[in-house]
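In this note's numbering, the protein residues as written are 18 to 313.
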């Protein structure tokens, strides 16, 4: 379950980072066009911008490790004191090792650099004349998707939605309605399906011709269709955040519920205690409790 939470949170963060980097590139369109006009190869320009983004990503990774460690310590302390009722125990300790922190930092930097590289993939391929003449408005002149790609959106939306509802139906049929794996798998498929449907809708509005007096809603949709990638990224980021809020509320469970089951949050231990001597008998059995003189 926590893996699913982390996945959607990371996706939302990467989308937001890509948006911010794209906004920065749009403000530097004239600079990129000038470099191309001076004879810099497009690959060299992309490499320069990638180096700048990588340096910022590395600094963010280092600061993120420090800030994340401090935040985790504060959260664990709060869960063992003022928020103790949320977990039902005070036996929580913060634990971190240097290799784990280093691997996490390097992984975050690597993912960030790859995301920045994807954003830069087409930036320096545009002619210098276009970048210098149109500036940040050049994006609106990018030609629409080819026919084959336009037709792919409805198919992806239908396939993803069908698989998602199939998983939901199978979970209800087999009684696995509380499975976190099915929950997040169906959520991810629905997210992909809805984004594909949104892309198809924006493409239709972009290609459609205005008939009569447009309403405020139509004007808003045409404004979103003017820059499809930015609109889809905003929708995906908000969708991931909304899904996380719903997922946290739907998967909230009482800390002491089914405490004796191994699948529960307690690991099957209803009680937690510390002793100076080893407990060699199982206190969950009547014989074990009788051996230590404990009442049921």
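Where is the CB? At the ideal position from N, CA and C, for every residue including glycine.
Item                                                                                                                              : Value
Cβ neighbours of residue 219 in the same chain (closer than 7 Å, five flanking residues each side left out)                       : 241, 242, 245 and 248
The stretch 71-85 contacting the stretch 42-50, beta-carbon criterion three pairs below 8 Å                                       : no
Contacting residues, own chain, Cβ-Cβ under 8 Å from residue 155 (five flanking each side not counted)                            : With a pLDDT of 42 at residue 155, under the threshold of 50, the predicted position of this residue should be treated as unreliable, though the coordinate-derived value follows. Counting only Cβ-Cβ distances below 8 Å, and skipping sequence neighbours, we find 46, 143, 147 and 148.
Backbone secondary structure at residue 184 - three-state DSSP                                                                    : helix
Complete runs of the alpha helix (DSSP H) confined to the stretch 29-70 [at least 4 residues]                                     : 46-54
Contact set for residue 181: own chain, Cβ-Cβ below 6 Å, skip 5 residues either direction                                         : 203, 206 and 207
Beta-carbon gap between residue 250 and residue 27 smaller than 8 Å                                                               : no
Residue range of the alpha helix (DSSP H) that includes residue 303                                                               : 303-308
Alpha-carbon to alpha-carbon, residue 76 and residue 364                                                                          : There is no way to answer for residue 364, as the model of the chain reaches only from 18 to 313.
Chain-order list of residues whose beta-carbon lies under 7 Å from that of residue 199 (same chain, five-residue window excluded) : 184, 188 and 193
CB of residue 257 within 8 Å of CB of residue 35, strictly                                                                        : no
Residue 219 at chain B interface by Cβ criterion, 8 Å                                                                             : Absent here is chain B; the protein component of the structure consists of one chain.
Which listed residue (127, 312, 214 and 186) has its alpha carbon closest to that of residue 170                                  : 214
Residue environment, residue 135, which counts as buried when at least 16 other CB atoms sit within 10 Å                          : exposed
CA-to-CA distance, residue 137 to residue 52, given in whole angstroms                                                            : 15 Å
DSSP three-state assignment for residue 73, whether helix, strand or coil                                                         : helix
Residue 178 to residue 211 span [Cα, whole Å]                                                                                     : 8 Å
Residue 371 vs residue 71 beta-carbon contact at 8 Å                                                                              : As displayed, the chain neither begins before 18 nor continues past 313, which places residue 371 out of reach and without an answer.
Backbone CA spacing between residue 92 and residue 49 [nearest angstrom]                                                          : 44 Å
Where residue 284 falls: helix, strand or coil (DSSP)                                                                             : coil
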